[in-house]
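Below is one structure, written out as structure tokens; comments come after it.
Okay, here's the thing in structure tokens:
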């Protein structure tokens, strides 16, 4: 019998991964006019805070 706690955790992890994918896609769209990717934008943001 499946454990409802592990099922809940699996559903939560799946939702988090889907949300992360959506955020990365939105970041790519926001960064596109500057000619960079979301990953490059994140690195630049990190470096700016240092």
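Numbering (my numbering), first residue to last: 109 to 158.
By construction, the Cβ of each residue, glycine as well, lies at the ideal position given by its N, Cα and C atoms.
Here the structure is a predicted model, which means the values were calculated and not measured.
So, for residue i: in the same chain, excluding its five sequence neighbours on each side, which residues have a beta-carbon less than 8 Å away from its beta-carbon?
i	result
residue 109	Model confidence at residue 109 stands at a pLDDT of 46, short of 50, so the residue's coordinates are unreliable; what they give is reported in the following sentence. So the list is empty, once near-sequence residues are dropped.
residue 152	144
When DSSP labels each residue in this structure, what does residue i get in the three-state scheme?
i	result
residue 111	coil
residue 129	helix
residue 145	coil
residue 158	coil
I'd like to know whether the C-beta atoms of residue i and residue j end up nearer to each other than 8 Å.
i	j	result
residue 134	residue 149	no
residue 132	residue 142	no
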